[in-house]
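K.L.:
Take the sequence shown: its position 407, counting from 1, is numbered 407 in UniProt numbering, and each next residue is one higher.
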Amino acid sequence: MRVRHRRHLKDPNDNRSNHLSSHITPNHLERAAAPQLSLDAHFPLEFDPDNFIIRIAGPETVCLAPGVPFGLSFFASAFFEFELIGYTFAYEEQSHTIRGKGFPGSHSVCIAPGHCMKPGIPHLYVWVLLLVSSAVADVNFNRCLTDIQSGNYGVDGLLDNDGNPIPPNGKASDATAVTLELCYRACGRGSESFSFPTFAQESSAWLVPWLALLSQLPFGANDLFENANYIIMAVGSPTLIIYSLSLSAINTHWIGRLFDTAKRYPNRSYTARAFNALQHCCFYLEPSDVVLASIILLPQNDAWWEGLVKALEVRRHGWTISAFVNLMWVLIALILTIINALNSPNQDSNANGQSIGLLWLWLYPVVVGWIVLSPECDRQWLETQLLLAGSKAVIATDTPDQFDKCPQNKHPITLCKPGTPSFLKFPNDDIYRTLPIFDFARVYWLNQVVLDYFQSYHSVTEKAHAHGLVRGDGTIDNRHRSGTKDVIVSCCYRETPLEYQGDSVVGRILKASIAALVVQWGTTASGFLVIYFTPAKGLGCRSLCFLLYGLVSTVAWWCMVASAWLAQRSSAWPGPRPAVEITTKTLPHIEVPLIAIPMPMPVPHLPSYPPLTYPSSESCLLSETARANGNTALPNHDDGFAVWSRCFSRAGKTLAFLNALFLFGFCLAHLGNGFSNCWCNSSYIGLRSHAYMALVFPDSDFASLRTAWGGAIFLGISISSLFAVLIIFAKKTHYPD
Numbered sequence: 001m002r003v004r005h006r007r008h009l010k011d012p013n014d015n016r017s018n019h020l021s022s023h024i025t026p027n028h029l030e031r032a033a034a035p036q037l038s039l040d041a042h043f044p045l046e047f048d049p050d051n052f053i054i055r056i057a058g059p060e061t062v063c064l065a066p067g068v069p070f071g072l073s074f075f076a077s078a079f080f081e082f083e084l085i086g087y088t089f090a091y092e093e094q095s096h097t098i099r100g101k102g103f104p105g106s107h108s109v110c111i112a113p114g115h116c117m118k119p120g121i122p123h124l125y126v127w128v129l130l131l132v133s134s135a136v137a138d139v140n141f142n143r144c145l146t147d148i149q150s151g152n153y154g155v156d157g158l159l160d161n162d163g164n165p166i167p168p169n170g171k172a173s174d175a176t177a178v179t180l181e182l183c184y185r186a187c188g189r190g191s192e193s194f195s196f197p198t199f200a201q202e203s204s205a206w207l208v209p210w211l212a213l214l215s216q217l218p219f220g221a222n223d224l225f226e227n228a229n230y231i232i233m234a235v236g237s238p239t240l241i242i243y244s245l246s247l248s249a250i251n252t253h254w255i256g257r258l259f260d261t262a263k264r265y266p267n268r269s270y271t272a273r274a275f276n277a278l279q280h281c282c283f284y285l286e287p288s289d290v291v292l293a294s295i296i297l298l299p300q301n302d303a304w305w306e307g308l309v310k311a312l313e314v315r316r317h318g319w320t321i322s323a324f325v326n327l328m329w330v331l332i333a334l335i336l337t338i339i340n341a342l343n344s345p346n347q348d349s350n351a352n353g354q355s356i357g358l359l360w361l362w363l364y365p366v367v368v369g370w371i372v373l374s375p376e377c378d379r380q381w382l383e384t385q386l387l388l389a390g391s392k393a394v395i396a397t398d399t400p401d402q403f404d405k406c407p408q409n410k411h412p413i414t415l416c417k418p419g420t421p422s423f424l425k426f427p428n429d430d431i432y433r434t435l436p437i438f439d440f441a442r443v444y445w446l447n448q449v450v451l452d453y454f455q456s457y458h459s460v461t462e463k464a465h466a467h468g469l470v471r472g473d474g475t476i477d478n479r480h481r482s483g484t485k486d487v488i489v490s491c492c493y494r495e496t497p498l499e500y501q502g503d504s505v506v507g508r509i510l511k512a513s514i515a516a517l518v519v520q521w522g523t524t525a526s527g528f529l530v531i532y533f534t535p536a537k538g539l540g541c542r543s544l545c546f547l548l549y550g551l552v553s554t555v556a557w558w559c560m561v562a563s564a565w566l567a568q569r570s571s572a573w574p575g576p577r578p579a580v581e582i583t584t585k586t587l588p589h590i591e592v593p594l595i596a597i598p599m600p601m602p603v604p605h606l607p608s609y610p611p612l613t614y615p616s617s618e619s620c621l622l623s624e625t626a627r628a629n630g631n632t633a634l635p636n637h638d639d640g641f642a643v644w645s646r647c648f649s650r651a652g653k654t655l656a657f658l659n660a661l662f663l664f665g666f667c668l669a670h671l672g673n674g675f676s677n678c679w680c681n682s683s684y685i686g687l688r689s690h691a692y693m694a695l696v697f698p699d700s701d702f703a704s705l706r707t708a709w710g711g712a713i714f715l716g717i718s719i720s721s722l723f724a725v726l727i728i729f730a731k732k733t734h735y736p737d
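1. Between Pro-436 and Pro-535, how many whole angstroms is the CB-CB distance? I'm expecting something under 8 Å.
2. Please report the straight-line C-alpha distance between Trp-319 and Val-367, rounded to a whole angstrom.
3. Indicate the three-state DSSP secondary structure (helix, strand or coil) for Ala-642 in the structure shown.
4. Using a Cβ-Cβ cut-off of 7 Å (strictly less than) and excluding sequence neighbours within five positions of Ile-242, which residues of its own chain qualify?
5. Nearest-angstrom Cα distance between Ile-295 and Trp-381?
6. Tell me Val-178's beta-bridge partners as DSSP assigns them.
7. Should Tyr-549 and Leu-180 be called a contact, given that it needs their Cβ atoms to be closer than 8 Å?
8. Would you call Trp-445 buried or exposed, if buried means 16 or more other Cβ atoms sit within 10 Å of its Cβ?
9. Measure the beta-carbon distance from Trp-565 to Gln-354 and round it to whole angstroms, keeping in mind my assumption that it falls under 8 Å.
10. Could you give the distance in angstroms between the alpha-carbon of Phe-662 and the alpha-carbon of Cys-491?
11. Name the residue from Gly-507, Ser-456, Asp-477 whose alpha carbon lies nearest to the alpha carbon of Ile-488.
12. Which whole-angstrom value is the C-beta distance of Val-460 and Leu-297, which I expect to be below 8 Å?
13. Spatial neighbours of Thr-523 within its chain, please: CB distance less than 6 Å, with the 5 preceding and 5 following residues excluded, ordered by chain position.
14. Buried or exposed, going by whether 16 or more other CB atoms sit within 10 Å of the CB of Ile-727?
15. Within 8 Å, do at least three Cβ pairs link the segment 400-416 to the segment 191-199?
16. Along the beta strand (DSSP E) that carries Tyr-284, what are the first and last residues, could you check?
17. Which partner residues of Ala-396 appear in the DSSP bridge assignment?
18. Who does Pro-165 pair with in a DSSP beta bridge?
19. Rounded to a whole number of angstroms, what is the C-alpha to C-alpha distance between residue 743 and Ser-246?
20. Reducing DSSP to helix, strand and coil, say where Tyr-614 ends up.
21. What residues match up with Asn-677 in a beta bridge as DSSP calls it?
22. Is the beta carbon of Val-309 closer than 8 Å to that of Ala-274?
23. State yes or no: is the C-beta of Ala-712 within less than 8 Å of the C-beta of Ser-526?
24. Give the secondary structure of Lys-732 by DSSP, where H, G and I count as helix, E and B as strand, and everything else as coil.
25. Could you tell me which residues DSSP pairs with Thr-261 in its beta bridges?
26. Bridge partners for Lys-417 per DSSP, in chain order?
27. Considering only residues of the same chain and omitting the five flanking positions on each side of Ala-512, which have a CB-CB separation below 7 Å?
28. Return the residue from the list Tyr-692, Tyr-432, Trp-254 that minimises the CA-CA distance to Asn-161.
29. Do the CB positions of Val-232 and Ala-656 come within less than 8 Å of each other?
30. Quick one, which of Glu-306, Tyr-364, Lys-731 has its alpha-carbon nearest Ile-332's?
31. Starting from Phe-225 and walking both ways along the alpha helix (DSSP H), at which residues does that stretch end?
32. Whose C-beta lies closer than 6 Å to the C-beta of Trp-573 among residues of the same chain, with five residues either side of it excluded?
33. Classify Trp-329: buried if its beta carbon has 16 or more other beta carbons within 10 angstroms, exposed otherwise.
34. Pick helix, strand or coil for Val-470, following the three-state DSSP scheme.
35. According to the neighbour-count rule (16 or more other Cβ atoms, all chains shown, within 10 Å of its Cβ), is Gly-220 buried or exposed?
36. I need the DSSP call for Gly-151, collapsed to helix, strand or coil.
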């Protein structure tokens, strides 16, 4: 191998460098087939990975080994440029020394891959080397622009910011951009040096306010790891948390309208509010027919409903001073930084943080939405409130006007736990998590429980109105809300199926999906457009990272949605309530008997979907006999659905975690000049052979740039604002009187 010194770094005119020349020519080199490689100490060298890499093996030793690209930062303190001609066989060991007359010290070239590179850690060496080389081999684009405009490189490769060559008779000082080849030659292949003042200014304006706003997301899980996982999932997949927020708002509106369609009944307002407050956890109604009928029909339980709602809503604070101030601070900071960015031409526009700020815009409406909905996430607190309230409920007996307290193990509403109760076993544990980002996993179960209750509730109200048991104002006289347990149970079943025409669960999922995708890609597109229309206009490193972030976020969301659907379709999912035999009963004060005819549950959604209800232990829903007789509308699928549900859930969480790490790394690299190099700034990924780099932005060019930026900013802000407004209106549900 021959190593030839070209120029000394400290002083190109130093006479000592003219005396320095060293030739090393091992006999084992095949010089004819060897490529010529030029190493500039200002940037990492890129070449065929079949040749070798260089790493620091000692204070003054450089090791060459095959297999990985490298950066020659070690020579930066001594030399400016070298030429390496030739390459070695993979496992021959040779060592030579480079010495120069008048140059202090020496450098050893060790040709020994097996000795220099230890198995299992070569990539660690490469990453450390790249970090060191980028810190040492810096690029100064200001100095590069001065050299180019002074005419040191002629006029070949000089362009304007649209990529058009300057006229042959033009002056080099008129150039504002250069081709990628000229950029490499004049500026080098490295990145600009890290500037802490610039990084601090940009990150404090565009990134830090968003990180602070993360604290306003609803926490409350009793496990610190779950709370941390929740934040990582939200950052890694904004699509998922927007989807869960949209589902919660849509379900809130749906439940209110559902009970509003029923005729007036004393406790229907409290019933709707209780279900809305409990939609952020997995709960079940006591499967006993007597308990269910008692909490619907008996007037003594109206106070229980009222107390339950007040207990559940006592910690739903909504807007607080701290939340309002934090949101206003972020809003003011965003407005000021946007105004400053649109009125301050900057030749470092590629590294400015406005695109980062727009990428995080999804967080603002999400925080506003969760503040408006105020979900309660503390599982232990919810269990305590349900236990306290459940102890006050009463159930009917065989004797009219005599009631028993609910047994401790048969409270009307109870939270589900893994393995508890024994007759409810879900194939995926996501449904048990009380953090609001997991609302997507409960949408089918919430629909099932609410419609099961509403079926019985609607039957009671219809029969009461049909038999004239209402006052002039439409309310039901409490004298007609009594009877033995057999009587009140018979009142809770309909003779004909209930044809509910409201939103189906599929329709609500579709609406939430559209909202999530629009907000995710609206904010991602706004940040993408800022980078894309910054010269050189095209797809580059930064804009590609934006697309990758949005794509992985969407794929993670899709995995979680598929996981919830597969869980609902699996045989492990609780089946519906089968037909039950109820003896004909006569309600006191009513001449016409109320007969409960055995019937399946109504189908309130698509005809192809099975009715969604939940089991009754007293009706032996989980018995093998019930399943064998076909008393379940869900096909008895193989447990493969449950297995795939868990696989998709883990895949979605993994993608969200990796995407969150990618986002933080991308933001730091973007604001810290990690992408500020010829290759990234030239949009080579999209422009290819037409790639060029803009070095300066004149006022005339900045006017059109401002227009593109303004349009992108308007897109992101308008979509985020519209989504926040829709969530606020969805929360303002009209609960029935």
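For every residue, glycine included, the Cβ atom is placed at its ideal position computed from N, Cα and C. For clarity, every value in this text was computed on a predicted model and none was experimentally measured.
P.N.:
Considering the structure as presented:
1. Translated into positions along the sequence shown, residue 436 becomes position 436. Translated into positions along the sequence shown, residue 535 becomes position 535. Contact flag wrong, Cβ pair sits at about 42 Å.
2. Taking the first residue of the sequence shown as 1, we reach residue 319 at position 319. Taking the first residue of the sequence shown as 1, we reach residue 367 at position 367. Each residue's alpha carbon lies about 11 Å from the other.
3. As a first step, residue 642 is located in the sequence shown; it is residue number 642 there, counting from the start. DSSP places Ala-642 in helix when its eight states are reduced to three.
4. Numbered from 1 along the sequence shown, position 242 holds the residue referred to as residue 242. For Ile-242, where only same-chain residues beyond five positions count, the Cβ hits under 7 Å are Trp-362, Val-366, Ala-515, Ala-516, Val-519, Gln-520.
5. Sequence index remark: in the sequence shown, residue 295 carries index 295 (1-based). Sequence index remark: in the sequence shown, residue 381 carries index 381 (1-based). Roughly 23 Å between the two C-alpha positions.
6. On the sequence shown, position 178 is the one that residue 178 refers to. In DSSP, Val-178 forms a bridge with Leu-158, Met-693.
7. Position 549 of the sequence shown, counted from the start, is the residue given in the question as residue 549. Position 180 of the sequence shown, counted from the start, is the residue given in the question as residue 180. It is not a contact, given that the beta carbons lie outside the stated cut-off.
8. For the purposes of this step, residue 445 is taken as the residue at position 445 of the sequence shown. When all chains shown are included, Trp-445 counts as buried.
9. Here residue 565 is taken as the residue at index 565 of the sequence shown, counted from 1. Here residue 354 is taken as the residue at index 354 of the sequence shown, counted from 1. Actually they are not in contact, since the Cβ atoms of Trp-565 and Gln-354 sit about 38 Å apart, beyond 8 Å.
10. Counting from 1 along the sequence shown, the entry for residue 662 is found at position 662. Counting from 1 along the sequence shown, the entry for residue 491 is found at position 491. Between Phe-662 and Cys-491, the alpha-carbon positions lie close to 58 Å from each other.
11. To locate residue 488, count along the sequence shown from 1; it is residue 488. The residue with the shortest Cα to Cα distance from Ile-488 is Ser-456.
12. As a working note, residue 460 is residue 460 in the sequence shown. As a working note, residue 297 is residue 297 in the sequence shown. That pair is a contact at about 6 Å.
13. In the sequence shown, counting from the first residue as 1, residue 523 sits at position 523. So the qualifying residues of the chain are Leu-361, Trp-362, Gly-716.
14. Along the sequence shown, read from residue 1 onward, the residue named residue 727 stands at position 727. So Ile-727 counts as buried.
15. no
16. For this step, residue 284 is matched to residue 284 along the sequence shown. For Tyr-284, the enclosing beta strand (DSSP E) starts and ends at 283-285.
17. On the sequence shown, residue 396 is found 396 positions in, with the first residue counted as 1. Partner(s): Phe-403.
18. Locating residue 165 in the sequence shown gives position 165, where the first residue counts as 1. DSSP, once it has assigned bridges, lists Leu-159 as partnering Pro-165.
19. A query on residue 743 cannot be resolved here, the shown segment of the chain reaching from 1 to 737 and no further.
20. By one-based count along the sequence shown, residue 614 stands at place 614. Because Tyr-614 carries a pLDDT of 36, less than 50, the predicted location of this residue cannot be relied on, and the following value inherits that uncertainty. Reduced to three states, the DSSP call for Tyr-614 is coil.
21. In the sequence shown, residue 677 corresponds to position 677, counting from 1. Answer is Ser-191.
22. Along the sequence shown, one-based indexing puts residue 274 at 274. Along the sequence shown, one-based indexing puts residue 309 at 309. Their beta carbons are under 8 Å apart, which means Ala-274 touches Val-309 by this criterion.
23. On the sequence shown, residue 712 is found 712 positions in, with the first residue counted as 1. On the sequence shown, residue 526 is found 526 positions in, with the first residue counted as 1. In contact: Ala-712 and Ser-526 (Cβ atoms closer than 8 Å).
24. On the sequence shown, position 732 is the one that residue 732 refers to. In this structure, Lys-732 counts as coil in the three-state DSSP scheme.
25. Counted from its first residue, the sequence shown places residue 261 at position 261. Thr-261 pairs with nothing; no bridge assigned.
26. Residue 417 sits at position 417 when you count from the first residue of the sequence shown. DSSP output for Lys-417 lists Thr-420 as bridge partner(s).
27. Taking the sequence shown and counting its residues from 1, one reaches residue 512 at position 512. Taken in chain order, the residues that qualify are Tyr-243, Ser-246, Leu-247, Ile-250.
28. Start at 1 with the first residue of the sequence shown, and residue 161 comes out as number 161. Closest option to Asn-161, Cα to Cα, is Tyr-692.
29. Residue 232 sits at position 232 when you count from the first residue of the sequence shown. Residue 656 sits at position 656 when you count from the first residue of the sequence shown. Here the sequence assigns Ile to residue 232, which means Val is not the residue at that position. In contact: Ile-232 and Ala-656 (Cβ atoms closer than 8 Å).
30. Translated into the one-based positions of the sequence shown, residue 332 becomes position 332. The option with the nearest alpha carbon to Ile-332 is Tyr-364.
31. Numbered from its first residue, the sequence shown carries residue 225 at position 225. Unbroken alpha helix (DSSP H) run through Phe-225: 224-236.
32. Along the sequence shown, read from residue 1 onward, the residue named residue 573 stands at position 573. Answer for Trp-573: no residue qualifies.
33. As a working note, residue 329 is residue 329 in the sequence shown. The residue in question, Trp-329, is exposed, as its Cβ has fewer than 16 Cβ neighbours within 10 Å.
34. By one-based count along the sequence shown, residue 470 stands at place 470. Three-state result, Val-470: strand.
35. Locating residue 220 in the sequence shown gives position 220, where the first residue counts as 1. Gly-220 should be labelled buried.
36. What you label residue 151 is simply residue 151 of the sequence shown in a count that begins at 1. In the three-state scheme derived from DSSP, where H, G and I count as helix and E and B as strand, Gly-151 is classed as coil.
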